[in-house]
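Undergrad: My questions all concern the structure below.
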Amino acid sequence: MLLIFLLAPFGGSLLVLFFPSDQRGATAWFAGAIAFVCFLLAAGIYPFVTAGGVLRFELDWIPELGLNLTLRMDGFAWLFATLITAIGVLVVLYARYYMAAEDPIPRFFALFLAFMGSMLGVVLSGNLILLAVFWELTSIVSFLLIGYWHHNAHARDGARIALTMTGMGGLSMLIGLLLIGRVVGSYELDAVLASGDAIRNDPLYLPILILILFGALTKSAQFPFHFWLPHAMAAPTPVSAYLHSATMVKAGVFLLARLWPVMAGTEAWFWIVGLAGLSTLLLGAYFAIFQQDLKGLLAYSTISHLGLITVLLSLGSPLAAVAAVFHIVNHATFKASLFMAAGIIDHETGTRDMRRLSGLFRYMPITATLAMVASAAMAGVPLLNGFLSKEMFFAEAIETHLVNSLDTITPYVATIAGMFAVTYSLRFIHSVFFGAPPADLPKRPHEPPRWMRAPIEFLVLACLIVGIIPGRTIGPFLHTAVVSILGDRTPDYSLAVWHGWNVPLIMSFVALSGGVGLYFLMRSYLATGIEGPPVFRLLQGQRIFERVLVTLSWKWARSLEQRFGTRRLQPQMLLLVFLAVSAAAVPLFRRGFELPPLVIRGIDPAFALLWALGIACAVGAAYQAKFHRLFALVLLGGAGLITCITFVWLSAPDLAVTQLLVEIVTTVLILLGLRWLPKRIEESRPEDIPLRVRFRRLRDFLLALAAGGGMSLIAYRVMTQPTPETIASYFVERAYSEGGGANVVNVILVDFRGFDTLGEVAVLSIVALTVFALLLRFRPHPDSQDIPLQQRVQNAFDDDHPDRNAGDSIAEYLHIPSTIMRWMFPVTGMLAAYLFLRGHDLPGGGFAAGIAMSIGFLLQYMAGGTRWVEERLRIHPLRWMSIGLLVAAATGIGSWVFGYPFLTSHSQYATLPIVGKVPLASAILFDLGVFSLVLGATVLMLIALAHQSVRAPRAHARPARTEREAAQ
Amino acid sequence: MELILSAGIGALTASGVYLLLRPRTYQVIIGLSLLSYAVNLFIFGMGRLRVNAPPIVEPGGGGDLARYTDPLPQALVLTAIVIGFAMTALFLVVILASRGFTGTDHVDGREQRGD
């Protein structure tokens, strides 16, 4: 049931996107219908949440982490949900008329519904983490809505500031909630609400409090984080009315109220929340007086009212909590209607600047009357709802809660803020609706369409009714909400208009008359039309914010980068190697590393000789790699072969086969690449090398020695240890019985760990495609564009001898080897087939076979040249790769058909004519995919590189010819 | 046996690391290849060295680990060889393209003084 509250808005949000953008009416109807359904649902649920009843819905999500999709609706959540959906319906109706024809309507309503869903998620979450998720969603959707007119720079800036502030707050709140979860042992709201004492007495209480308050106060635009809200007014007015006055900014105070039972009542809470609330209340109201923008005035007034709610929550007394909840509702009603009125004025006159507006009463009397009633409610005039909650606030402000200076000044601050509220409300009405007729408005003002005014009418009516007969209208609902927060601590309170002559009433009176007086005193100043309050306007939140942002993200980042960063690879590598060596060395020596005795006996001299050669190859390759690339490559191959022999020697035939084949392909690849590298001639006089370079080489040499020595020690230490219990026996025991193959390594690859292999070959194909793509755009350096020296010499020889045609020598070069290589093609094909078929039982397998087959193609390329091969063979490496990948994946999926998990294999033997008995596990099909893919990938890489030699001279020749043509 | 292999691993690592720190792209690619031999042998060595005990079981029935060498490091190394090959190929093409674009084979894409 509760899930519908989330599914309907989010689902609707997706659906709305599919509406054509010219169907404004239909889109609005749809969005409105969804909001209305949610509202009806909330209304229908009401009987279940009265008297402390709680509705729950649970869905396991990641129960291991205590993260469940728990929805929980109690009276307080119900009140909020009703507010969100009811005002949602009204705002949709209003937006239907407000949005211009050229605005992309589906996007607006999609975001609007998504916001409604997120906000409902926040209030319905029964799990703290879920709450944080929806909280972030509201920030993000709010960002998108503020930036809805993204062609407008103000909108973009406002959206960015809002997202940065609320995003930071959300992050901090998440940490705070995680800490709460740690203290309580559960993220479930029920568990958290039941353990208030544990949280308040925990040493982590203060950090939790600060983190969560940061989240709540930024969201509710409390001083000093308030400045994002006025900038958010760049949003379309329905958004301002909905998000930035009625609902989203209330999320902060919602959270404060939600956690009030577990966090409030301490000294720290009183000071932080109270100080933030009081200063926001006062400053917000003060700033509001000096705004020239209608929406700016309302925004600062919203800030001030949120401050009022925060102060009430800070006091920690149950009565104050009642007043806070009441004021949340009241503020939502009158502020939403005022925003809508401001939007109508903007819509019908074309401006929101109070310096240009005046005397609108004669053009739009109904709207003016409505706005007057609403702003009277905002000012706290009796018989309106704002008066009641303000009265309760005054009453609470005089009460002594904790004996300290903050508590003492509260009533005075409250009265002054109340006075300011009267002043700005009066200013709003007086400067817009009265006075001389407006002179130069962009449009001629008139009453808005009937239905655009209807939401305001409804809300203002609500203000009036609640203000006159509170006990019979809002009373029971408020009680339900309050009981769910306060439980047994619910105080006796009365919602009456008349409480007799008492101090709060006198305060109200002082505020009203003082406010009116202040307005008439300040009229001359306000008439000067200066934007922003005196003194404070120099201190602009946005400016400071921008400066901090620039300093953090640009200046500091840059200087940090300059100091600690480098774009050069070598220092980075040096640091990396150094860290790697230390990371291994430090723990080893701290835990005590003992070297086992060196066993010299029992060494096979042949093996020793082999590795003497191997070491010589490695060192030689290192020594020669700079000036003698080909030689270094040969030595590298030597080291590779020694590695290969070592594998054979030490019982790893599969590795040996693969290593050998890969070695061949790698060598050929590098050989193909060599011609594109610059020539480098060794310095004849080694004493010319500067000292700095010598030092660097020595340093690198020592580091390399440390790395090599360390590897040797660790390897020796491990290899002389007896084998501990390993999981290997599992594979050895089951390779045949379950994998259906005798070659355990192959069975592991294609069966036990088949999914890894699938990933691995996918990587191979990605690499091949990347290589292919990189080479498509390859532009060789001018040095390497000419045909190689040897071919030039051969061509020159042909030219010198009249009996020879050009190109003869190149064609005849290494003629006999190339003939043999051509004949080798079927043989390599045979070898590949052999390797493939025996793979499951004996060394071999799809991978080795694929590489072997690609070597077959490679030999053809080497023997006959690129063009010769491609005239004779059809080479479609891309096709082979995709077929391979599909076959491998399909084999895996095939096991689903038989009801087994992905890549379960089935094995059997089959007898083929001539070949004899071959293992025919379904794994062999998978292996076939691997074969095809490896073949395709390898061939693709090799021929892509080989093609460069064919392509480059042509690419080079073309511009030369055009130049010649241009010269003629 | 173990002594010699670990010496070999050490030599391969040292040569590889030294080349890794050099300024020319070709040196780095050779260094990476040498280093990957060393790492492959190292991983392989973690399964202990056995002569004449390839992990190929008798067809029919389960095998006994005592009679064979450890197949798991071998499977890992087989994967590592493949990925190493892919990496070498990709890196080779990157250095060729970098040389084509920047005109130098220095690892930073431009010549530094004193190399």
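Chains as they are written, first to last, in the working numbering: chain A, 1 to 968; chain H, 969 to 1083.
Even glycine gets a Cβ: it sits at the ideal position worked out from N, Cα and C.
Keep in mind it's a predicted model, so treat the numbers as computed, not measured.
Do the region 416 to 427 of chain A and the region 501 to 519 of chain A make contact, defined as three or more Cβ pairs closer than 8 Å?
TA: Yes, the region 416 to 427 of chain A touches the region 501 to 519 of chain A.
Undergrad: Considering Cα atoms alone, identify which of A/L69, A/L55 and A/V54 is closest to A/W61.
TA: Closest by alpha carbon: A/L69.
Undergrad: I need the DSSP call for A/E58, collapsed to helix, strand or coil.
TA: Of the three classes helix, strand and coil, the one that applies to A/E58 here is strand, per DSSP.
Undergrad: Interface residues of chain A around H/E970 at Cβ under 7 Å?
TA: Near H/E970 (Cβ distances below 7 Å), the residues of chain A are Y716, M719 and T720.
Undergrad: When burial is assigned at 16 or more other CB atoms within 10 Å of the CB, is A/V668 buried or exposed?
TA: The residue in question, A/V668, is buried, as its Cβ has 16 or more Cβ neighbours within 10 Å.
Undergrad: Tell me whether A/N404 sits in a helix, a strand or coil according to DSSP, three-state version.
TA: Three-state DSSP puts A/N404 in coil, outside helix and strand.
Undergrad: What did DSSP end up calling A/M862 once you bin it into helix, strand or coil?
TA: Three-state result, A/M862: helix.
Undergrad: Flag H/L1000 as yes if its beta-carbon sits less than 8 Å from any beta-carbon of chain A, otherwise no.
TA: So, not an interface residue.
Undergrad: Among residues of its own chain, excluding the 5 on either side of A/G158, which ones have a beta-carbon nearer than 6 Å to its beta-carbon?
TA: Cβ neighbours of A/G158 beyond the five flanking positions: I146, H231, A232 and A234.
Undergrad: Starting from A/M573, find everything on chain H with Cβ-Cβ shorter than 8 Å and list it in chain order.
TA: Correct list: L988 and L989.
Undergrad: Looking at the secondary structure, which residues open and close the beta strand (DSSP E) in which A/T70 lies?
TA: It spans L67 to M73 - the beta strand (DSSP E) in which A/T70 sits, taken as one unbroken run.
Undergrad: Any contact of the region 239 to 258 of chain A with the region 304 to 313 of chain A, i.e. 3+ C-beta pairs under 8 Å?
TA: As far as the Cβ criterion goes, the region 239 to 258 of chain A touches the region 304 to 313 of chain A, which means the pair count is three or higher.
Undergrad: Examine chain H for any beta-carbon lying closer than 8 Å to the beta-carbon of A/A707, and answer yes or no.
TA: True, the Cβ-Cβ gap to chain H drops below 8 Å.
Undergrad: To the nearest angstrom, report how far apart A/V793 and A/L814 are at their CA atoms.
TA: Approximately 15 Å, taken between the alpha carbons.
Undergrad: Report the partner residues of A/N743 according to the DSSP bridge assignment.
TA: Note: A/N743 sits in a beta bridge opposite H/I1024.
Undergrad: My parser needs the alpha helix (DSSP H) runs of 4 or more residues fully inside the region 448 to 523 of chain A; what are they?
TA: Counting whole runs of 4 or more residues, the region 448 to 523 of chain A contains the alpha helix (DSSP H) stretches 450 to 468, 470 to 473 and 475 to 486.
Undergrad: Using the beta-carbon of each residue, which ones in chain H are nearer than 8 Å to A/K679?
TA: None at all; the shortest Cβ gap to chain H is about 10 Å.
Undergrad: Give the straight-line distance between the Cα atoms of A/I838 and A/Y716, rounded to the nearest whole angstrom.
TA: Note that residue 838 of chain A corresponds to Arg in the displayed sequence, not to Ile. Rounded to the nearest angstrom, the two C-alpha atoms are 35 Å apart.
Undergrad: Since H/S1066 meets chain A, which of its residues come closer than 9 Å, beta carbon to beta carbon?
TA: Those within 9 Å of H/S1066 in chain A number zero; the least Cβ separation is about 10 Å.
Undergrad: Report the neighbours of A/S712 on chain H: residues whose CB is nearer than 7 Å to its CB, in chain order.
TA: Here the neighbours are S974, A975, I977 and G978.
Undergrad: Quick one: Cα of A/I485 to Cα of A/M73, how far?
TA: Roughly 12 Å between the two C-alpha positions.
Undergrad: Pull out every residue of the region 758 to 779 of chain A whose Cβ sits closer than 7 Å to any Cβ of chain H, in chain order.
TA: Taking 7 Å as the Cβ-Cβ cut-off against chain H, the residues of the region 758 to 779 of chain A that qualify are E760, V763, L764, V767, T770, V771, L774, L775, F778 and R779.
Undergrad: Within 10 angstroms of the Cβ of H/V1019, are there 16 or more other Cβ atoms? Answer buried if so, exposed if not.
TA: Classification for H/V1019: exposed.
Undergrad: Give me the chain A residues within the contact set of H/I1049, using Cβ-Cβ distance strictly less than 8 Å, ordered along the chain.
TA: Residues of chain A passing the Cβ test: L655, T658, Q659 and V662.
Undergrad: Using a Cβ-Cβ distance cut-off of 8 Å, determine whether A/F731 contacts chain H.
TA: It does: the Cβ of A/F731 has a partner Cβ on chain H nearer than 8 Å.
Undergrad: Below 8 Å, can you find three or more Cβ-Cβ pairs linking the region 202 to 216 of chain A to the region 271 to 290 of chain A?
TA: Verdict: yes, contact present.
Undergrad: Just by C-beta distance, which residues in the region 1003 to 1030 of chain H are closer than 8 Å to chain A?
TA: So the list reads Y1005, A1006, N1008, L1009, F1010, F1012, G1013, M1014, G1015, R1016, L1017, R1018, V1019, N1020, A1021, P1022, P1023, I1024, V1025, E1026, P1027, G1028, G1029 and G1030, given in the order they occur along the chain.
Undergrad: For a contact defined as C-beta to C-beta under 7 Å, what are the partners of A/G640 on chain B?
TA: Absent here is chain B; the protein component of the structure consists of chains A and H.
Undergrad: How is H/E1079 classed by DSSP in three states: helix, strand or coil?
TA: Three-state DSSP puts H/E1079 in coil, outside helix and strand.
Undergrad: Going straight from the alpha carbon of A/A967 to that of H/T993, what length do you get?
TA: Legend: pLDDT at A/A967 = 44, less than 50; position of this residue unreliable, no value from coordinates given.
Undergrad: Can you tell me which of A/Y834, A/H840 and A/V767 puts its alpha carbon nearest to the alpha carbon of A/M881?
TA: Of the candidates A/Y834, A/H840 and A/V767, the one whose C-alpha sits nearest the C-alpha of A/M881 is A/V767.
Undergrad: Out of A/E136, A/I681 and A/V657, state which residue places its alpha-carbon closest to the alpha-carbon of A/I851.
TA: Checked all of A/E136, A/I681 and A/V657; the closest Cα to A/I851 is A/V657.
Undergrad: Looking only at its own chain, which residues have a Cβ that is under 7 Å from the Cβ of A/A86, when we skip the five neighbours before and after it?
TA: Around A/A86: F39.
Undergrad: Is it buried or exposed for A/R629, if we count other Cβ within 10 angstroms and need 16 for buried?
TA: Label assigned to A/R629: buried.
Undergrad: Does chain H have any CB closer than 8 Å to the CB of A/R694?
TA: No, A/R694 lies away from the interface with chain H (no Cβ there is under 8 Å from its Cβ).
Undergrad: Note the first and the last residue of the continuous alpha helix (DSSP H) segment covering A/S125.
TA: Per DSSP, A/S125 belongs to no alpha helix (DSSP H) and is neither H nor E.
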